[in-house]
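Asks: Here it is, the structure, as structure tokens.
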Amino acid sequence: MTKSSNCAAVVMFTGKANCPYYAKAELLADYLQTNLPNFRVHKIIQHPDKWEQWLHDICETNGWEHRQCPIIWRELLDRGGKGQLLGGLNDFLEYAQQYYGITSMMLSEEMLDIAEENLQAHLEIVKEDEEIKSLIKPMQIWITSASVPICYHLIPLLANGEVFGMTTEISIHLLDTVQFKEILRSIVMEAEDMAFPLLRSISEHTGLDQAFIDADVIIVLDDVLLNLEVQTLENYIREVSEICQVYAPLIEKNAKSEVKVISSGKTFANLKATMLRIYGPSIRPENIIAIATSWESAAKAMLARKLNMSTAGVKDVIVWGNITGSNYIDLSHAKLYGYDCAIRGPPNFQHPLLNMIYDSEWIHSEFLSAQSTLSSRVSRCTAMLPAHAIATVLRYWYHGSPGEIISLGILSEGQFCIPEGITCSMPVRFQNGNWEVVTELEIDETTQKVLRRLSHELVQEKLVALKEINEMQPYEAE
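Whatever position you read off the sequence shown (first residue = 1), add 19 for this note's numbering.
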């Protein structure tokens, strides 16, 4: 050895698995690492088919000019890992001779033999990695209109393990139009930076050709911005119908057979669920739902403030009807847990909510009349509340809602005298990966009367959508 370096360094070696020049450089590097205390080697072997693209990307990232195999650079540990390009095989041989007085005498035949061994070893490692990955299949989650704020708040809730379980990995796919590509890219980068242990991957998509591939869960966030001074309600319904007409066949074609589809947003949540069923008849109808939990949460918060208690203690508030349209909040089955009053019991002890609100006039004059205020409040909640509502329902769907009544927009089969074939919010319970309607509830005369009116509105909304479909078909045929 004629010279030595006191600076600790890692020398990076990258090349094609079958490259003899890489083999010669690698063997010399192994010798130096064994015999020199401050010399460290890190190897990155690339498949021959992927080498050219990898070389182009690494050179573009670091501002290097190099077109040969291998590429070798030195990262100085005491300079923050800054890379110093050494070059190819000849450059490394010169570097080793100049700094350490060591060179390689490997013959060409040996280089070829080691290159062949490298290729076989690399192929075996790749095969083993693929087999391991195939055993751990992440849940595939697709989110449409993913540039909206709801999605930004929803991703951490899905990726922290509380929704699907602490051992379930997920892959998230963000779908939106090309004009929102940069927003999607920013969301992807930020989610990757958060390094969620259960987030296998997150990606953005702006084309529909690969939409919903292998989807386990699809969250539809598409909305239309209602302004009846600009265009009629019928035109907005047509927009919703057109969105569903695009999505439903793709879901049937690309998603898994048991895919769960969730309709959310500020407008036409029920109608989107209905039209997805109509356009996607092979999708299991019980797996298409609309989220009403935002309304439940807002109503519970209002009641908790009145009772001076925690919102979490208010249970079984029911939202009937059209979630993002005309709905009715039913308190006749609501219960209070952990309410501080003269009569107390164990944690599962409950009080009927209506018995605890002694000011019955407040229920009729303020709470029920305040539903327009609640509507305004919910519609202004464009991020945290609806994101939490989606995550909550998914958690119940996969892990159950023991004993608790949840409001859900589902396909009516005639329960509670609601007409069949419309998506209506009604009370359900989740258990064993499914939901069931709580049909044993007694419905008072007031609620029955309201349900008749709300059902009529939902039927009319569906009829308008079907009329738009029928009017479009002759035009399309031409």
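Glycine is no exception: its CB is placed at the ideal position from the N, C-alpha and C atoms.
1. Using the three-state DSSP reduction, which class does Q229 fall into: helix, strand or coil?
2. Rounded to the nearest angstrom, what separates P39 and Y266 at their Cα positions?
3. Quick check: what's the CA-CA separation for T163 versus S260?
4. Flag this pair as touching only if the region 242–255 and the region 464–477 have three or more C-beta atom pairs under 8 Å; answer yes or no.
5. Alpha carbon to alpha carbon, how far is M31 from A165?
6. Can you check the region 214–276 for any beta strand (DSSP E) of at least 3 residues that lies completely inside it and give the ranges in chain order?
7. Taking buried to mean at least 16 other C-beta atoms within 10 Å of its own C-beta, is E84 buried or exposed?
8. Among T225, D110, L138, E128, which one has its Cα closest to the Cα of W161?
9. Identify, in the order they occur along the chain, each residue of the same chain with its Cβ nearer than 7 Å to the Cβ of Q369, setting aside the five sequence neighbours on each side.
10. Quick one: measure Cβ to Cβ for A178 and L217, integer angstroms, because I've assumed they're closer than 8 Å.
11. Can you tell me the Cα-Cα spacing of L350 and T442, whole angstroms?
12. What three-state label does DSSP hand S329 in the structure shown?
13. Can the beta-carbon of T330 be found closer than 9 Å to that of S316?
14. In whole angstroms, give me the CA-to-CA distance for G99 and R59.
15. Can you round the beta-carbon distance between L51 and A115 to whole angstroms, since I take them to be within the 8 Å contact cut?
16. Hey, quick one: how far does the alpha helix (DSSP H) through Y119 stretch, first residue to last?
17. Determine contact between the region 457–466 and the region 309–327, defined as no fewer than three beta-carbon pairs at a distance below 8 Å.
18. Which residues does DSSP list as the beta-bridge partners of V338?
19. Round the Cβ separation of I17 and L290 to the nearest angstrom and send it over; I've been treating them as touching at under 8 Å.
20. Can you have a look at K481 and say buried or exposed, based on whether 16 or more other CB atoms are within 10 angstroms of its CB?
21. Which same chain residues end up closer than 6 Å to W454 when comparing Cβ atoms and leaving out the 5 residues on each side of it in sequence?
22. Counting Cβ pairs closer than 8 Å, one from the region 331–344 and one from the region 414–428, do we hit at least three?
23. Would A274 and A234 be called neighbours here (beta carbons separated by less than 9 Å)?
24. Would you tell me roughly how many angstroms separate the C-alpha atoms of M125 and R86, rounded to the nearest one?
25. Given a threshold of 16 other Cβ atoms within 10 Å of its Cβ, counted over all protein chains shown, does F449 qualify as buried or as exposed?
Replies: Taking the coordinates as given:
1. As a first step, residue 229 is located in the sequence shown; it is residue number 210 there, counting from the start. It is coil, neither helix nor strand.
2. Working through the sequence shown from its first residue, we reach residue 39 at position 20. Working through the sequence shown from its first residue, we reach residue 266 at position 247. Rounded to the nearest angstrom, the two C-alpha atoms are 51 Å apart.
3. Here the question's residue 163 lines up with position 144 in the sequence shown. Here the question's residue 260 lines up with position 241 in the sequence shown. A straight-line Cα-Cα distance of about 15 Å links T163 and S260.
4. Proximity of the region 242–255 to the region 464–477 falls short of the contact definition, fewer than three beta-carbon pairs being nearer than 8 Å.
5. Residue mapping note: residue 31 aligns to position 12 of the sequence shown, counting from 1. Residue mapping note: residue 165 aligns to position 146 of the sequence shown, counting from 1. Each residue's alpha carbon lies about 39 Å from the other.
6. Restricted to the region 214–276, the beta strand (DSSP E) segments that are unbroken, complete and at least 3 residues in length are 218–224, 236–239, listed in chain order.
7. Translated into the one-based positions of the sequence shown, residue 84 becomes position 65. That one is exposed.
8. Within the sequence shown, residue 161 is the residue found at index 142, counting from 1. Checking every option, the nearest Cα to that of W161 belongs to T225.
9. Residue 369 sits at position 350 when you count from the first residue of the sequence shown. So the list reads K354, L355, Y356, once near-sequence residues are dropped.
10. What you label residue 178 is simply residue 159 of the sequence shown in a count that begins at 1. What you label residue 217 is simply residue 198 of the sequence shown in a count that begins at 1. Indeed, because the Cβ distance is near 6 Å, the residues count as touching under 8 Å.
11. Locating residue 350 in the sequence shown gives position 331, where the first residue counts as 1. Locating residue 442 in the sequence shown gives position 423, where the first residue counts as 1. Between L350 and T442, the C-alpha separation is close to 21 Å.
12. Here residue 329 refers to the residue found at position 310 when the sequence shown is read from its first residue. Coil, per DSSP.
13. The sequence position of residue 330 within the sequence shown is 311, counting from 1. The sequence position of residue 316 within the sequence shown is 297, counting from 1. Yes, these two residues count as a Cβ contact at 9 Å.
14. The residue labelled residue 99 in the question sits at position 80 within the sequence shown. The residue labelled residue 59 in the question sits at position 40 within the sequence shown. Residue placement at G99 is poorly supported in this model, since its pLDDT is 49, which falls under 50; the coordinates still yield a value, given next. Cα to Cα, G99 sits roughly 16 Å from R59.
15. Within the sequence shown, the letter at position 32 stands for residue 51. Within the sequence shown, the letter at position 96 stands for residue 115. With a Cβ gap of about 6 Å, L51 and A115 count as contacting.
16. Against the sequence shown, residue 119 aligns to sequence position 100. 108–119 is the span of the alpha helix (DSSP H), which, as asked, contains Y119.
17. no
18. Against the sequence shown, residue 338 aligns to sequence position 319. Note: V338 sits in a beta bridge opposite I348.
19. Outside the modelled stretch of the chain, which goes from 20 to 497, sits residue 17, for which no answer is possible.
20. Taking the first residue of the sequence shown as position 1, residue 481 is located at position 462. Classification for K481: buried.
21. Residue 454 sits at position 435 when you count from the first residue of the sequence shown. For W454, where only same-chain residues beyond five positions count, the Cβ hits under 6 Å are V447.
22. yes
23. One-based indexing of the sequence shown puts residue 274 at position 255. One-based indexing of the sequence shown puts residue 234 at position 215. Against a cut-off of 9 Å, the Cβ pair of A234 and A274 comes out as a contact.
24. Taking the first residue of the sequence shown as 1, we reach residue 125 at position 106. Taking the first residue of the sequence shown as 1, we reach residue 86 at position 67. M125 and R86: Cα-Cα distance of roughly 23 Å.
25. Taking the first residue of the sequence shown as position 1, residue 449 is located at position 430. The residue is buried, with at least 16 neighbouring Cβ atoms inside 10 Å.
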